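**Q**
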Amino acid sequence: MRLLVIGSGGREHALVWKLAQSPHVTQMWCAPGNAGIAEERLTGNQAPVECVNIGAEALSKLLAFARDKRPDLTIVGPDNPLALGIVDLFQKNGVRIWGPNQKAAQFESSKVFSQVFMERHGIPTARAGTFSDARAAKDFTASLNGRCAVKADGLALGKGVLICDSVAEADKAIEDILVTKAFGAAGERVVIQEFLEGIEISLHALCDGKTAKLFPTAQDHKRALDGDQGLNTGGMGTYSPAPFLTDHQLADVGKRILEPWVAGCAAEGIDFRGILYPGVMLTKDGPKVLEFNARFGDPEAQVYLTRLEGDLVELLEASVNGTLDRHELKWSLMASVCVVIASGGYPGSYAKGKPISGLSEAARLPNVKVFHAGTARSGDTVATNGGRVLGVTALGADLWKARAAAYEAVEKIRFEGAHFRRDIGVKALR
Ligand code: AMP
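Numbering (the working numbering), first residue to last: 0 to 429.
Structure below.
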C-alpha cells in the first residue's frame, strides 16, 4: 500500500513511525513533514519516507498531489484541514482518506455544536450556556460567581478558552471574545461552562461511523512550567496509562460518554470515522466532558502509538471501511512517557534555526524514540523550526522507569534556549 500522511508535528511523526512498521506499506509520503519524519524508513522494504513541501492546509495542492501519486490511503493528522473539509474534498474526487468529514469535525471546530449535542444526547458535561450577546453572557457568569470557562466557539489556535475566577475576569473574557473580537470570527459566539474541579484526563476512541473503540487513559500537561504554572501550550508532555481509573472504571466512563455519543451521531446523521478525543474532568459527581477533539492529541499520539500493538494500517482501514467491530485494540502493558522540549519563549515568540545536538546519542538509548515536531534539516544539522521542537518518548515497565528513560534521553539533547518540564507524570506518582 502507498500512504500519504498530512501534517508536520510530533503527532504526525508518531503516525508515520507506526504506519511505517506495517508490512502492508510499500511507499509513504508526508506533507509537509519535518526533519525526523524524513529520516524514517519503511520496515518492509527500507524505502525512505518522502517529505513533500505542501502545507497541511493547502487543500487543492494536496488533492492535486494525491491525484498524481494515487496513494491507497491518505491519513490526516491535524484539526485544521479536517475543519476545512479535506475529507469531503478528497472523497468527492474519489481519493480514499481517513479522518472525520467536515460535518463530523464540528465536534472540534465548534464548541457550541459540541455543547448543544452533549446536552441533547445526555452526555455528562458541565452546566453551560451558549451566547452571542455580551449582556446575557455576563448575567450567566454572574450567576456562577464568575467561576467559569469562557470558550470562543471556533478554532483559535488552542488559545480560545479563558478560565475565570471572578466576575471581573469573566466580564473581561466576554468583552475580549464577543465585543473586541480577540479571536476574530471564531468568537462570534461563546460557550460558558461552570468551572469544574477534579483530575483532567484525555480519552481517545477510534471510530468507524458505528463503533467506537476506547483507548487506555493518558494525561496531558498543558501549562508551560512545572507545577502547572505559566501559560497554556499545545501540550508539554504526556503519559499513559494515567492511574486515576481502574480498567473497570475506565470502561464505565467510556460507556457513559461513548454510548450516548454513538447514538446521538446516528440520530443526527453524523458519520464520524476517525479519532474522537474527549477531554474529561473526573469530578466528585462523576466524569464530565469539557470538550471534544476530532483527531489524535499531540502529544497523546506519541504515548498511545508507542503502546499500541498490532498494525495501525489495518485499524485505520477498518475505521474507513466501517469494520472496526471485527478488530480488537491491543496495548503494551508498559507505560509510556513523552517529554516535550520547546524553544525558549514558547508559547510566546521564539527564535528558529537553533542547531540541535545529541539526537543520535538519545536515539541509541533503549526503549527511547525521539519524535520530531518543529525541526528542519539545514545541511548536515537538524535545527529548531517551531515552538514545540521534540517529543522525547520512552517505554518502561512502569511509569517510574518510563520517566527515568525519557529524562535520560532529554538530558542528552541540547539547543540554545531549550526548555522542558521536569514533572511530566509526577501527578500519577503522588
Ligand atoms: P478545552 O480546550 O475546552 O479543553 O479547554 C482547555 C483547558 O481549559 C482544559 O484542558 C481544562 O484544563 C480547562 N477547562 C476547560 N473547561 C473547563 C471547565 N469547565 N472547568 C475547569 N477547567 C476547564
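From the three backbone atoms N, C-alpha and C, an ideal C-beta is built for every residue, glycine too. Note that the structure is predicted; figures quoted are calculated from it, not measured.
1. At a cut-off of 8 Å, is residue 507 close to the ligand AMP when judged by its beta-carbon and the heavy atoms of the ligand?
2. Tell me whether residue 297 is buried or exposed, calling it buried when 16 or more other Cβ atoms sit within 10 Å of its Cβ.
3. For the ligand AMP, is there any heavy atom lying closer than 8 Å to the beta carbon of residue 29?
4. What residue does the beta strand (DSSP E) around residue 291 start on, and which one ends it?
5. How would you call residue 334, buried or exposed, if buried means at least 16 neighbouring beta carbons within 10 angstroms?
6. Ignore the nearest five residues each way along the sequence and tell me which others in residue 117's own chain have a CB closer than 7 Å to its CB.
7. Could you please go through the chain and list the residues whose beta-carbon is closer than 5 Å to any non-hydrogen atom of the ligand AMP?
8. Beta strand (DSSP E) containing residue 207: first to last residue?
9. So what does DSSP say about residue 87, is it helix, strand or coil?
10. Should the segment 22–29 be regarded as contacting the segment 48–56, the criterion being three or more beta carbon pairs within less than 8 Å?
11. Kindly list the residues whose CB is nearer than 6 Å to the CB of residue 310, restricted to its own chain and excluding five residues on each side of it in sequence; keep chain order.
12. My understanding is that residue 390 touches residue 419, with C-beta atoms under 8 Å, so please give their C-beta distance in whole angstroms.
13. Fully enclosed by the segment 362–389, which beta strand (DSSP E) runs are 3 residues long or longer?
14. For the structure I just gave you, are there three or more beta carbon pairs, one from the segment 58–70 and one from the segment 106–122, closer than 8 Å?
15. Identify every residue that forms a DSSP beta bridge with residue 20.
16. Between the alpha carbons of residue 53 and residue 89, how many angstroms are there, rounded?
17. Distance, Cα to Cα, residue 150 vs residue 44?
18. Specify whether the segment 332–351 and the segment 271–280 touch according to this definition: at least 3 beta carbon pairs, one from each stretch, less than 8 Å apart.
19. Which residue from 172, 229, 323 puts its Cα closest to that of residue 345?
20. Just to confirm my understanding: we take residue 411, look at its own chain, exclude 5 residues before and 5 after, and list those with CB closer than 6 Å. What are they?
21. Can you tell me the Cα-Cα spacing of residue 250 and residue 168, whole angstroms?
22. Enumerate, from N- to C-terminal direction, the unbroken alpha helix (DSSP H) stretches of 4 or more residues contained entirely within the segment 124–195.
23. Can you tell me which residues form a DSSP beta bridge with residue 393?
24. Contact defined as beta carbons within less than 8 Å: I believe residue 217 pairs with residue 290. What is the distance between those atoms, to the nearest angstrom?
25. Using the DSSP secondary-structure output, state which residues sit across from residue 219 in a beta bridge.
26. Is the segment 310–319 close to the segment 383–398, with three or more CB pairs under 8 Å?
27. Going by alpha carbons, who is nearest to residue 305 out of 368, 349, 172, 36?
28. So residue 280 is in the alpha helix (DSSP H); what residue range does that whole segment cover?
29. Indicate the three-state DSSP secondary structure (helix, strand or coil) for residue 33 in the structure shown.
30. Which one of 1, 424, 355 has the shortest CA to CA distance from residue 74?
31. How long is the line joining the alpha carbons of residue 398 and residue 138, rounded to whole angstroms?
32. In whole angstroms, give me the CA-to-CA distance for residue 203 and residue 131.
33. Measuring CA to CA, which of 350, 257, 129, 239 is closest to residue 426?
34. Let me make sure I understand the geometry here. Which of 222, 393, 417 has the alpha-carbon closest to that of residue 406?
35. Who pairs with residue 47 in a beta bridge, going by DSSP?
**A** In this structure, then:
1. With the chain running from 0 to 429 in the structure shown, residue 507 is simply not present.
2. buried
3. no
4. 285–292
5. buried
6. 124, 288
7. 125, 148, 160, 192, 194, 195, 278, 289, 290
8. 204–207
9. helix
10. yes
11. 21
12. So it is not a contact: roughly 10 Å between Cβ atoms.
13. 367–371, 374–377, 380–383
14. no
15. For residue 20, which the question treats as bridged, DSSP gives no partner whatsoever.
16. 16 Å
17. 47 Å
18. no
19. 229
20. 357, 360, 361
21. 38 Å
22. 133–142, 166–173
23. 336, 367
24. Not really, about 15 Å apart at Cβ, beyond 8 Å.
25. 237
26. no
27. 368
28. First-last for residue 280: 272–282, but that is the beta strand (DSSP E), not the alpha helix (DSSP H).
29. coil
30. 1
31. 45 Å
32. 31 Å
33. 239
34. 393
35. 40
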